[in-house]
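Residue numbers in the sequence shown follow my numbering, run continuously in steps of one, and reach 544 at the last position.
As structure tokens, the structure follows; a few thoughts come after it.
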Amino acid sequence: MDSIVSAVAKFAEERPDRAAVIANDKEISYAQLWKEIQGFAKYIDSFGFEKGSRIIVKSDSDIWFAVSCFAIQLTGNVHVPLEKSIGVKGLEDVASQLGAAMVISNTDAEGDFVSVDSDKVREIGEDNYEEGLTFTFPTKEMTCDILFTTGTTGKSKGVVISHRAVVAVSENVQYGAEIIEDNVYLVPAPINHASAIRKLYVSMLTGTTVVLLDGFKDIRKFYSYIEKYKVTSILMPPAAVRMLLLLSKKELAKYSGQLHHIHTGSAAFPEADKELLCSILPDTRLYFAYGSSEAGCVSMFDYSQHKGLISCVGKPNKNAHIFIVDDNRNEIESSSSNQGLIAISGGMTMTEYFEEPELTKEVLVDGVVYTNDMGYIDENGFIYMVGRRGDVISIGGLKIAPTEVENVVLRFPGIAECACFAVEDRMGGCVPKLNIVEEKGTDVDINELKKHMASYLEAFKVPKLVAKVEEIPKTSNGKINRKVLK
Numbered sequence: 059m060d061s062i063v064s065a066v067a068k069f070a071e072e073r074p075d076r077a078a079v080i081a082n083d084k085e086i087s088y089a090q091l092w093k094e095i096q097g098f099a100k101y102i103d104s105f106g107f108e109k110g111s112r113i114i115v116k117s118d119s120d121i122w123f124a125v126s127c128f129a130i131q132l133t134g135n136v137h138v139p140l141e142k143s144i145g146v147k148g149l150e151d152v153a154s155q156l157g158a159a160m161v162i163s164n165t166d167a168e169g170d171f172v173s174v175d176s177d178k179v180r181e182i183g184e185d186n187y188e189e190g191l192t193f194t195f196p197t198k199e200m201t202c203d204i205l206f207t208t209g210t211t212g213k214s215k216g217v218v219i220s221h222r223a224v225v226a227v228s229e230n231v232q233y234g235a236e237i238i239e240d241n242v243y244l245v246p247a248p249i250n251h252a253s254a255i256r257k258l259y260v261s262m263l264t265g266t267t268v269v270l271l272d273g274f275k276d277i278r279k280f281y282s283y284i285e286k287y288k289v290t291s292i293l294m295p296p297a298a299v300r301m302l303l304l305l306s307k308k309e310l311a312k313y314s315g316q317l318h319h320i321h322t323g324s325a326a327f328p329e330a331d332k333e334l335l336c337s338i339l340p341d342t343r344l345y346f347a348y349g350s351s352e353a354g355c356v357s358m359f360d361y362s363q364h365k366g367l368i369s370c371v372g373k374p375n376k377n378a379h380i381f382i383v384d385d386n387r388n389e390i391e392s393s394s395s396n397q398g399l400i401a402i403s404g405g406m407t408m409t410e411y412f413e414e415p416e417l418t419k420e421v422l423v424d425g426v427v428y429t430n431d432m433g434y435i436d437e438n439g440f441i442y443m444v445g446r447r448g449d450v451i452s453i454g455g456l457k458i459a460p461t462e463v464e465n466v467v468l469r470f471p472g473i474a475e476c477a478c479f480a481v482e483d484r485m486g487g488c489v490p491k492l493n494i495v496e497e498k499g500t501d502v503d504i505n506e507l508k509k510h511m512a513s514y515l516e517a518f519k520v521p522k523l524v525a526k527v528e529e530i531p532k533t534s535n536g537k538i539n540r541k542v543l544k
């Protein structure tokens, strides 16, 4: 399979009545989706854009998003999904930066591009469809998407991804999670994010169903969708898992027999939460996925089957090769006592950062993505990611991984969330500080918390500074925003 849109066409023939996408209590079959894709692709082609033109979509978790996404790809153009909350000025700036040919949104953005009302995408698709339309499917080498990173470690970057990479990543998820034939994937996350859009792609690649939901704002709706659409798998960032464990674990436990798997990732996942989730969903596979916008999902760890492997992210997926390098990018024989940086190669890696050749060279060399993630590979081939190089706290040559401290803290009663980070001390060096958010109605004893940490951590890893805060700042995809911690 050279592209996901060709898979949609395939299943429109093989499973025409199967629900492809469900959103806002509406659903569309593979046959109807393929018709609307063709109709909207015909509309795009009517403007005579040069192949490879960038088309921006102000994303929303709706059926029209899938129609526009695959129509753009079918025409040989480049799909650029942006956050639904982006303002008009931000949208216009990105359109100018990319030289966009078209912008699909619900705003009055202006510029040197064709503007299309997102609410009319499906109507346009239906009105322009006619029997006998023919299209040439995109080839593997053509650019499929430009995904913008969340910018947690610097400015947001446009990650250029080929159709080959999109299919390879989708296969990684397909085989890594053992997607079942009648899978129904609930995706309650911003659809422009890499992890979310890739669940749309893997669903289309496998001819299964994806259910789109606009986040976890309405927990009752979340559970009603699981029940109504017989959901068998769910994408949940660790922060969402923690929220459900705190607020509704009894409700979640009801679906242990129904849920084939839960897929989490994008941020560190506390060991205490893993253990609790395993206990309430004993019949559900629980996967932690490791990857990035630049390399896709490259490994998956079924922690329901392999308990006690702290910081483990599994083994390489179908299309991925993972190895450990030193600071000079030389491959090393790694271990827990000889850690290095994780490097990744395979068909799913990005092509480049859009019009950022120097930045691209810093990350991508000869098809290998060099990450800033510290880790090692054990004697059984399991990969461990212990933290990002920029997050690791160094005290007199001693290293502290914030996630190690956070895992211990979250085992203490009354802690809802926490973040460990470095602050300057009076001598010009740095010390670890801990911010905690208490569970509602609790009053955490700081001295007892420090004793708890001391019983699990070496003395230099125990933060001397502990502060109670109202919230832990996060990026839009649930990662701790360590840049703004104080």
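Backbone N, C-alpha and C fix where the C-beta goes; we use that ideal spot for every residue, glycine too.
All of these numbers come straight from a predicted model, not from anything done at the bench.
Taking 8 angstroms as the cut-off, the Cβ atoms of residue 105 and residue 172 count as close. Taking C-beta separations shorter than 6 angstroms and ignoring five residues to either side along the sequence, the partners of residue 243 in its chain run 257, 261, 268 and 291, following chain order.
Minimum Cα-Cα distance from residue 345 among the listed residues 497, 158, 417 and 332 corresponds to 332. In this structure, the beta-carbon distance from residue 524 to residue 507 falls below 8 angstroms.
The alpha-carbon separation between residue 442 and residue 383 amounts to approximately 14 angstroms. Residue ranges of uninterrupted alpha helix (DSSP H) with 4 or more members, entirely inside the region 241 to 297 and ordered along the chain, are 252 to 263 and 277 to 286. 221 is the residue among 160, 207 and 221 whose C-alpha sits nearest the C-alpha of residue 201. Separation of the CB atoms of residue 195 and residue 63 is rounded to 7 angstroms, and the pair is thereby assigned contact status at 8 angstroms. For residue 254, same chain residues with a beta-carbon under 7 angstroms away, outside a window of 5 residues either side, are 245, 247, 248 and 293 in chain order.
Of the other Cβ atoms in all chains shown, fewer than 16 fall within 10 Å of the Cβ of residue 379; this residue is therefore exposed. Contact between the region 157 to 167 and the region 71 to 78 is not established, with fewer than three Cβ pairs separated by less than 8 angstroms. When C-alpha distances from residue 531 are compared across 365, 510, 475 and 482, the shortest belongs to 475.
The region 215 to 231 makes no contact with the region 273 to 287: fewer than 3 CB pairs, one atom from each, lie closer than 8 angstroms.
Residue pairing by DSSP places residue 81 opposite 84 and 270 in a beta bridge. Cβ-Cβ distances below 6 angstroms link residue 504 to 524 in the same chain, with the five nearest sequence neighbours on each side left out; the list follows chain order. The beta-carbon distance between residue 112 and residue 146, rounded to whole angstroms, is 18 angstroms. This is too long to meet the 8 angstroms contact definition. A contact between stretches requires three or more CB pairs, one per stretch, nearer than 8 angstroms, and the region 317 to 324 fails this requirement with the region 181 to 200.
Linking residue 447 to residue 431 through their CA atoms gives a straight-line distance of about 6 angstroms.
The Cβ atoms of residue 377 and residue 405 sit closer than 8 angstroms to each other.
Around the beta-carbon of residue 459, 16 or more other beta-carbon atoms lie within 10 Å, marking it buried.
Contact between the region 462 to 478 and the region 391 to 411 is absent: fewer than 3 CB-CB pairs across the two stretches fall below 8 angstroms. Note on residue 522: under 16 other CB atoms within 10 angstroms of its CB, so exposed under the neighbour-count rule. Around the beta carbon of residue 540, a 10 Å sphere encloses 16 or more other beta carbons of the protein chains shown; the residue is thus reported as buried. Residue 458 has 451 as its beta-bridge partners, per DSSP. For residue 538, the closest C-alpha among the options 264, 445 and 114 is that of 445. Taking 8 angstroms as the cut-off, the Cβ atoms of residue 237 and residue 192 do not count as close. Between residue 347 and residue 407 the beta-carbon gap is near 16 angstroms, outside 8 angstroms, which marks them as no contact.
Annotated three-state conformation of residue 180 is helix, per DSSP.
DSSP, reduced to helix, strand and coil, places residue 219 within a strand of the structure shown. The beta carbon of residue 289 sits closer than 6 angstroms to those of 242 and 244, all from its chain and outside the five residues before and after it, given in chain order. DSSP places residue 59 in no alpha helix (DSSP H); its state is neither H nor E. The alpha carbon of residue 493 has as its nearest neighbour, out of 526, 511 and 155, the alpha carbon of 526. Shortest Cα-Cα distance from residue 440 to any of 385, 401, 367 and 496 involves 367.
Its Cα nearest to that of residue 336, the residue 321 stands out among 350, 325, 321 and 349. Excluding five sequence positions before and after residue 465, the CB atoms of its chain that fall closer than 6 angstroms to its own CB belong to 328 and 329, given in chain order. Cα atoms of residue 134 and residue 59: separation of roughly 16 angstroms, rounded to the nearest angstrom.
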